[in-house]
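Take 124 as the starting number for the first sequence in our numbering and just add one per residue.
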Amino acid sequence: MKIQSIRGVKDILPGEIEKWQWVEEIARNVFSKYGFKEIRIPIFEKTKLFSKSIGETTDIVEKEMYTFTDRSGEQITLRPEGTASVVRAYIEHKMYNPPSVVKLYYMGPMFRYERPQAGRFRQFYQIGIEAMGTDNPMVDVEVMTLLMEFFRLLGLTGLELEINSLGCADCRPKYRETLKEAISDHLDELCQNCNHRYERNPLRVLDCKVERDREIAKELPKTKDHLCESCQTNFDQVQTLLDSTQTPYSLNSMLVRGLDYYTRTTFEVVSTGLGAQNAICGGGRYDSLVEEFEGPPTPCFGFALGMERLISVIPFGDKKDLESRPDIFVVGLGEEAKFVTFKIIHELRRDGFSVDQDYAGGSMKSQMRKANKSASRFSLIVGENEIKSGKYLLKDMETGSQNEIPATDLINSIKKQLAHPSSSSRA
RNA sequence: GCGACCGUAGCUCAGCCGGUAGAGCACCUGAUUGUGGAUCAGGGGGUCGUGGGUUCAAACCCCAUCGGUCGCCCCA
Numbered sequence: 124m125k126i127q128s129i130r131g132v133k134d135i136l137p138g139e140i141e142k143w144q145w146v147e148e149i150a151r152n153v154f155s156k157y158g159f160k161e162i163r164i165p166i167f168e169k170t171k172l173f174s175k176s177i178g179e180t181t182d183i184v185e186k187e188m189y190t191f192t193d194r195s196g197e198q199i200t201l202r203p204e205g206t207a208s209v210v211r212a213y214i215e216h217k218m219y220n221p222p223s224v225v226k227l228y229y230m231g232p233m234f235r236y237e238r239p240q241a242g243r244f245r246q247f248y249q250i251g252i253e254a255m256g257t258d259n260p261m262v263d264v265e266v267m268t269l270l271m272e273f274f275r276l277l278g279l280t281g282l283e284l285e286i287n288s289l290g291c292a293d294c295r296p297k298y299r300e301t302l303k304e305a306i307s308d309h310l311d312e313l314c315q316n317c318n319h320r321y322e323r324n325p326l327r328v329l330d331c332k333v334e335r336d337r338e339i340a341k342e343l344p345k346t347k348d349h350l351c352e353s354c355q356t357n358f359d360q361v362q363t364l365l366d367s368t369q370t371p372y373s374l375n376s377m378l379v380r381g382l383d384y385y386t387r388t389t390f391e392v393v394s395t396g397l398g399a400q401n402a403i404c405g406g407g408r409y410d411s412l413v414e415e416f417e418g419p420p421t422p423c424f425g426f427a428l429g430m431e432r433l434i435s436v437i438p439f440g441d442k443k444d445l446e447s448r449p450d451i452f453v454v455g456l457g458e459e460a461k462f463v464t465f466k467i468i469h470e471l472r473r474d475g476f477s478v479d480q481d482y483a484g485g486s487m488k489s490q491m492r493k494a495n496k497s498a499s500r501f502s503l504i505v506g507e508n509e510i511k512s513g514k515y516l517l518k519d520m521e522t523g524s525q526n527e528i529p530a531t532d533l534i535n536s537i538k539k540q541l542a543h544p545s546s547s548s549r550a
């Protein structure tokens, strides 16, 4: 029986991982500029944390969580998203004290038991941000512009930012009832799914993709027309601030997020370059969640973006330089020379060079082939003759020229050679 | 959970109406003694996803199962 990985998960191998590291590095830089600090949260939590925050009737909680009982009988779940854990950590470590806005980011794997598909995996990676402790619309907009700046640095085009407001704990339930009432007149015309949604999550009807339902949805009451006064003011301010940064966006009154904790501003970034799973990033405000877990009233704003989807739309074509290459590939000819080069390699590395060799040894031709494949800038050739004469050969792999360098002053000589950037321009 | 298509060398794929497998790339070796990338010549490598069945005979037909891809649902 051949062993194989679990369905819907995958290994990220060298050649691919460089892209991830590059994206993560840029993320850290950008987030740091906006004052966000990293938090590492556990990969699993008590099941209740997720079921309560995400919502008992959501698809995630109802059928997508990896839940198990541990040896002590505790119900444990592999995290399907990050916000719940950050909220838990925020309360557990009393980060609300002293009062100030806490700005955190995380990156790592999430788990959802779904049918694998383009841009959808059972273990997938998210980068997320949470700004906790204020309902100032400046934070909403700052986070959205941070995101767009991040995408710009990655070289992305063809993105669309869509925003909506879902209202608060005050006006949202009222709107929900209004909506239900309006839908009830059309139940026999709407698709089967929407009939379920009517009971469980009526806002989702607005999001249906069935042509006929969309027509009906157009006529249904929209959140934006049923916001209470403070929510309306808040949403207006968000738009004014967005305008001031000249960030392009569009209003989408059909934009309803699938997690229960969202309030007020919600947004999504979709890419035209993806298939059915076209949302790269989703987020919004969640002003009541901290309180629901018995923390102090703490309005928050955050987002999560999917790494796999993000990476699949980044134009990496012109970024061939992501893979690292050694400075020097050392070629040793013969038993004695291999023993000598082993020590040389150790010293070169200690001096800061990245160095590799062909462990199998073999003919010079074969070792030079390896050197070539490694894409190293130089090869250092050490054979019987060189050991006798005390002069090694340093070959520039791009120009093909080589010269002798004294064994007694190896490190300094190599440093001099490598300092000349003239020969290091390889595309 | 549902539907469609697919699963042959490391990779991309060919294999007609069933007769026990091939190409390109990659890899290895060589083309005058210790020198890579180009060319040329050789070479290694597959229990045809797995398990059953039909048949004298199956990579090709049937069933099951696992996996992949694409959609539905949902979401990142």
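All residues carry an ideal CB built from backbone N, CA and C; glycine is no exception.
Item, Value
"Answer yes or no: do R211 and E253 have a C-beta to C-beta separation smaller than 8 Å?", "no"
"With a CB to CB cut of under 6 Å and the five nearest residues on each side skipped, what residues in its chain are close to I177?", "I183, V184, L382"
"How should P260 be labelled, buried or exposed, when 16 other C-beta atoms within 10 angstroms of its C-beta is the threshold for buried?", "buried"
"At the level of alpha carbons, what is the spacing between Y384 and L412?", "6 Å"
"Taking DSSP as the reference, what is the three-state secondary structure of S176?", "helix"
"If contacts are defined as beta-carbon pairs under 8 Å, then V453 and L397 qualify, I think. What distance do you get, rounded to the angstrom?", "With 8 Å as the limit, V453 and L397 do not qualify as a contact, their Cβ atoms being about 45 Å apart."
"Report all residues from its chain with a CB closer than 7 Å to the CB of P438; omit the five preceding and five following residues, and keep chain order.", "G278"
"With DSSP collapsed to three states, give me the class of L541.", "helix"
"When you compare only the Cα positions, how much space is there between L471 and R387?", "58 Å"
"Helix, strand or coil: which one does DSSP assign to C314?", "coil"
"Roughly how many whole angstroms lie between the Cα atoms of F426 and F390?", "9 Å"
"Is it the case that the Cβ atoms of E415 and K175 are separated by a distance below 8 Å?", "yes"
"Is Y515 helix, strand or coil when you go by DSSP?", "strand"
"State yes or no: is the C-beta of L433 within less than 8 Å of the C-beta of V146?", "yes"
"Going by C-alpha distance, which of S497, K488, G406, K217 is nearest V264?", "G406"
"Should the stretch 280-295 be called in touch with the stretch 234-253, which here means at least 3 C-beta pairs below 8 Å?", "no"
"Which residues share a DSSP beta bridge with M255?", "V225, C423"
"Give me the DSSP bridge partner(s) of A399.", "DSSP lists no partner for A399."
"Cβ atoms of C354 and S336: under 8 Å apart, would you say?", "Note on residue identity: the sequence assigns Asp, not Ser, to residue 336. Result no, Cβ atoms of D336 and C354 do not sit closer than 8 Å."
"Could you tell me if the beta carbon of G398 falls within a distance shorter than 7 Å of some heavy atom in the ligand MG?", "This structure lacks the ligand MG, and indeed carries no ligand of any kind."
"Excluding the 5 residues preceding and the 5 following A494 in the sequence, name in chain order all residues of the same chain whose CB lies nearer than 8 Å to its CB.", "F452, V454, D481, S502, M520"
"What separation, rounded to the nearest whole angstrom, lies between the Cα atoms of S307 and L343?", "11 Å"
"Whole angstroms is fine: what's the gap from S524's alpha carbon to Y229's?", "48 Å"
"Specify, as a first and last residue, the run of the alpha helix (DSSP H) that R473 falls within.", "458-473"
"Quick one: what's R243 bridged to in DSSP?", "Q240"
"Grab me the residues of D450's own chain with a C-beta within less than 7 Å of its C-beta, minus the 5 sequence neighbours each way, in chain order.", "F476, S477, V478, S499, R500, F501, L541"
"Could you give the DSSP three-state label for E285: helix, strand or coil?", "strand"
"Answer yes or no: do L227 and I162 have a C-beta to C-beta separation smaller than 8 Å?", "yes"
"In angstroms, rounded to a whole number, what distance separates the CA positions of V505 and Q144?", "35 Å"
"Below 8 Å on the Cβ atoms is my guess for K539 versus E527; work out the distance and round it to an integer in Å.", "Wrong, their Cβ atoms sit about 13 Å apart, outside the cutoff."
"Considering only residues of the same chain and omitting the five flanking positions on each side of E237, which have a CB-CB separation below 7 Å?", "E187, R243, R245"
"Just how far apart, CA to CA, sit N324 and K125?", "44 Å"
"Hey, G205 and I164 are a contact pair by Cβ (cut 8 Å); roughly how many whole angstroms apart?", "7 Å"
"If you draw a straight line from the C-alpha of F189 to the C-alpha of R380, how long is it?", "The question names Phe, but residue 189 in the sequence shown is Tyr. Taking the straight line from one Cα to the other gives about 22 Å."
"Return the CA-CA distance between T356 and A292, expressed in angstroms with no decimal places.", "16 Å"
"Do F424 and V328 have their beta-carbon atoms positioned less than 8 Å apart in this structure?", "no"
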